[in-house]
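Report on one structure; see the data block that follows.
2 protein chains.
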Amino acid sequence: MSGAQPRTAVIIGAGLAGCLMACYLARAGWRIAVFERRPDPRAKGYVGGRSINLALSVRGIAGLAGAELADLVVQREAIPMRGRMIHPATTGPLVFQPYSANPTDAINSVSRAGLNLTLLHAAAELPGVSFHFDHPCHDVDLEAPAAIMTDPSGAIVRAQADLILGCDGAFSPVRLRLQKTDRFDYSQSYLRHGYKELHIPPAPGGGFVMEPNALHIWPRGGAMMIALPNRDASFTCTLFWPFEGEHAFAALADRAAVEAFFRAHYADAVPLMPALTEDFARNPTSSLVTVRCAPWTHGGSVAVLGDAAHAIVPFYGQGMNCAFEDCRELAACLAHAPRDQAGALAEFERRRKPNADAIADMALENFIEMRDLAGRPDFQYRKKIEQALHKHHGDRLTPQYNLVSFSTVPYAVAQRRGREMDALLRAVAQRVPPPVSFDQAWHAAIVAAAEPLLGSITPIEPAGAVSVRP
Amino acid sequence: MSGAQPRTAVIIGAGLAGCLMACYLARAGWRIAVFERRPDPRAKGYVGGRSINLALSVRGIAGLAGAELADLVVQREAIPMRGRMIHPATTGPLVFQPYSANPTDAINSVSRAGLNLTLLHAAAELPGVSFHFDHPCHDVDLEAPAAIMTDPSGAIVRAQADLILGCDGAFSPVRLRLQKTDRFDYSQSYLRHGYKELHIPPAPGGGFVMEPNALHIWPRGGAMMIALPNRDASFTCTLFWPFEGEHAFAALADRAAVEAFFRAHYADAVPLMPALTEDFARNPTSSLVTVRCAPWTHGGSVAVLGDAAHAIVPFYGQGMNCAFEDCRELAACLAHAPRDQAGALAEFERRRKPNADAIADMALENFIEMRDLAGRPDFQYRKKIEQALHKHHGDRLTPQYNLVSFSTVPYAVAQRRGREMDALLRAVAQRVPPPVSFDQAWHAAIVAAAEPLLGSITPIEPAGAVSVRP
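Line by line, the protein sequences give chains A and B. The opening position of the first sequence corresponds to residue 1 in the numbering used here, with each subsequent residue numbered one higher. The opening position of the second sequence corresponds to residue 471 in the numbering used here, with each subsequent residue numbered one higher.
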């Protein structure tokens, strides 16, 4: 390929996926122009969506590693969270549920703003990458192909390239253009829950006021609050409540009502949130959408990826991780077929679409697990059995959560494993009721109860089961 | 209400639903402006979508009756079809499957263009109705509320009213505006099948060349052709084939291939279609979409109905019938709560949404029934049992098809009945195998076999079961 003209790409969106994709393509010798509707965060500070922290797990790290960014991000920006810390509704001890039988497995709390800046700097330093901020995209010429933007003066900018990539998020203008083509399947489905962020500051003398290496959850049945640690020793809390009905945003009309409601339902958090009622009044309540569409590609030269192709709800912490896996896979497909871009895009969609559908489903299911099941004794008991069996049988019985968060096994495979394990765990829990103490006898009993059921668990290809770790 | 200012409505779309809705509102004393993007068919001839005939059944007739249009349409424009005439793949006798044990039950073939003109004339003759053709709607001001159109000179026309109704079809601009509001659920899902229309002219001396009082079907497994009679003694045929793959549009590259393919798969129709290869080459291949969305209404003053709210595939012949039922129900809700328009719109959606979802599902299921099952002996036998049991038990065992096409029972109730009946029929067919002749002994056997299963059939409220007939 030496001496040939470099291939050219236009990327719409300088968010997480757009910047990482630019890194991948630049390292493969492409020339890339990235257009972003927001201002340059390097100059003007970060103006992003509303979710402040993200949970970076192995797929995301693998995606970063392909662009040689994993060490930088994990060492400089992440706080490992090794399990869920459950805050019960009534007074009582906190319950720690480790994410894995392996104590080094963790998901990592990272700041969206910080990570986006890191990726932007990394991409901007690579040869052949140019960034164009304050350039909203409002159309795509699918045939050229070219993206159509407005520059800050209001002039139309038309950018033609070999490849147009929509990394432009859940409300993607690129996808909106694809949606106007015939036979484009599309759905957007909202939860009846919204989210609102709140803040827990560091202790007066500095330091965390709760366990930092955990994802804190206040499961309340139809609603919940979570908190993720930040590097400045604060926590970002997020309420996931129904818009209307019981335990709902609409129910709290004034500050006194907010204060009283939190004292009743989130009592242990109230002393940690000095600005609770101000934050509640000031911060927006945002909606939660799942977007599915097909096809993701058009004419062998236009594609969407990340949230633009498959926006999901945040309850598995996989939106960014899935987007980074998209970047890695798309780069691999393009590298594998350098003379057949249409084939590469088709192969990308063939590989990723079933997995994007699977994580969309699992993310919806995990909301029920987090807000409701995680607080229930029968569920906690099944989780305990699951981890004991995982420890006993090793990779043969890796749970769904571990496959999703601590491996790069395809999401669809993890989803199947989850269904199979759920049936097995219910059967074992029925045969071996919760013991007085989790002793050797109990361990032997659950291993024996599971034995005849092991055939119901589909083995996973050894290659796919290899974990990628930082 | 006398002396009060009349309520005002803007209707987008002068198609079937828009014209009928205008009739309903005008008769209730509203002032209505109807805006349509196409030219006036009274002056310039009908320029419509591509489907030429429609099957008008009891729901549609009831919708017309509410505006006192049923007699006119049924007597002047309809050809009753009392069952399916199955054309087998291999040489063999045609099989007639009556739609109902009641020989007077029929669905009615009507011309879309003729019916649209009839409704347009009817609406235009009523006081307070104005029509504005060549006025495409491109936005809605949801707060005013007002619809924004362009007139033929290119000038912007803004029409404000108490109520804005989107009767603007599957690709509704009004719905597109609702889609931009937060928490609007939306999906569009295409079949991998498309459709193309063909023509069977009258006999040389006039008259029909096939049975006129039937809907003709050539079921071919994954694909089919159907034909509906027209008042001029011609038939309109429609191919429903996959775009790609076997028995697909993409497979037939030239006229010789078309001719050979039809001789192989639709042999009995070929002599009846002198312009087959010309029609095949010239007529477009169109796609088939199911659209679902929620909410259908906004702010108590904007609503979508008909295809704009719930476009469905045509295989149950219910798209127009469902839209006419929408018109009737919306008019009833508005009349019932004259001082609470927001409540009336909410009640309309509450009543109709589950039923629109049900007919969308049943229409997709009926495609499989028509193209595949209808040609199979085991299915034909179950249909025979179904009709015998219906005759024996009367309203207690009305089949799903009859509830959908020959009653105004809610679609969701018909859907449940279909599932229950299907299980019962499979059980009876298993216990009583197909006989040598359908004699009294067979009849007694199936009645006896069904007897212990009757409890599985949920009774239908007597009020809902009353059929509306022209």
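We put the CB at the ideal spot given by N, CA and C, even for glycine.
query	result
Residue 667 of chain B in three-state terms, based on DSSP	strand
Inter-residue Cα distance where the pair is residue 108 of chain A and residue 56 of chain A	5 Å
Three-state secondary structure (DSSP) of residue 452 of chain A	helix
Residue 99 of chain A, DSSP secondary structure in three states	coil
Test: residue 820 of chain B CB closer than 7 Å to a CB of chain A	no
Endpoints, the beta strand (DSSP E) within which residue 272 of chain A is located	Neither: residue 272 of chain A is in no beta strand (DSSP E) and is coded neither H nor E.
Residue-chain proximity (residue 497 of chain B, chain A), Cβ-Cβ < 7 Å	no
Proximal residues of chain B, C-beta to C-beta of residue 186 of chain A below 9 Å	656, 657, 658, 659
Cβ contact (3+ pairs, closer than 8 Å) linking the region 729-744 of chain B and the region 691-710 of chain B	yes
Collapsed DSSP secondary structure at residue 233 of chain A in the structure displayed	coil
Any chain A beta carbon closer than 7 Å to residue 653 of chain B	yes
Contacts of residue 907 of chain B in chain A (Cβ-Cβ under 7 Å)	What residue 907 of chain B touches in chain A: nothing, since even the nearest Cβ is about 48 Å away.
Classification of residue 877 of chain B by the beta-carbon crowding that lies within 10 angstroms, buried from 16 upward	buried
With 16 other Cβ atoms within 10 Å as the buried cut-off, status of residue 10 of chain A	buried
Counted within 10 angstroms of its Cβ, other Cβ atoms place residue 301 of chain A as buried (16 or more) or exposed	buried
Pair within 7 Å by beta-carbon distance, residue 759 of chain B and residue 658 of chain B	yes
Helix, strand or coil at residue 166 of chain A according to DSSP, with G and I counted as helix	strand
C-beta neighbour in chain A for residue 642 of chain B, strict 7 Å	no
Limits of the unbroken beta strand (DSSP E) element including residue 75 of chain A	No beta strand (DSSP E) contains residue 75 of chain A, which is instead part of the alpha helix (DSSP H) from 70-77.
Delimiting residues of the beta strand (DSSP E) encompassing residue 288 of chain A	286-294
Within 7 Å, strictly: CB atoms of residue 540 of chain B and residue 531 of chain B	yes
The region 210-222 of chain A touching the region 354-372 of chain A, judged by at least three CB pairs closer than 8 Å	yes
Unbroken alpha helix (DSSP H) run spanning residue 777 of chain B, endpoints	777-780
Cβ-based neighbour list, residue 452 of chain A, same chain, cut-off 6 Å, excluding 5 preceding and 5 following	none
Close Cβ partners of residue 507 of chain B (< 6 Å) along its chain, the five nearest in sequence each way excluded	606
Range of the contiguous beta strand (DSSP E) that encloses residue 135 of chain A	Note, residue 135 of chain A: premise wrong, no beta strand (DSSP E); not H, not E.
Chain B contact for residue 241 of chain A (CB, 7 Å cutoff)	no
Residue-level contact to chain A via CB, residue 926 of chain B, 7 Å cutoff	no
Nonlocal neighbours in the same chain, by C-beta distance under 6 Å from residue 132 of chain A, ignoring five residues either side	35
Cross-strand partners of residue 83 of chain A (DSSP beta bridge)	A:98
Minimum C-alpha distance to residue 501 of chain B - residue among B:611, B:476, B:750	B:476
Identity of the residues DSSP links to residue 301 of chain A by a beta bridge	Looking at the DSSP assignment, residue 301 of chain A forms no beta bridge with any residue, so it has no partner.
Supposed close pair residue 726 of chain B, residue 711 of chain B - CB separation, criterion 8 Å	That pair is no contact at about 18 Å.
Coil, strand or helix - residue 662 of chain B by DSSP	strand
Residue 835 of chain B beta carbon near the ligand HEM (any heavy atom closer than 6 Å)	Of ligands this structure carries none, so the ligand HEM is not represented either.
Beta carbon proximity, residue 607 of chain B to chain A, threshold 7 Å	no
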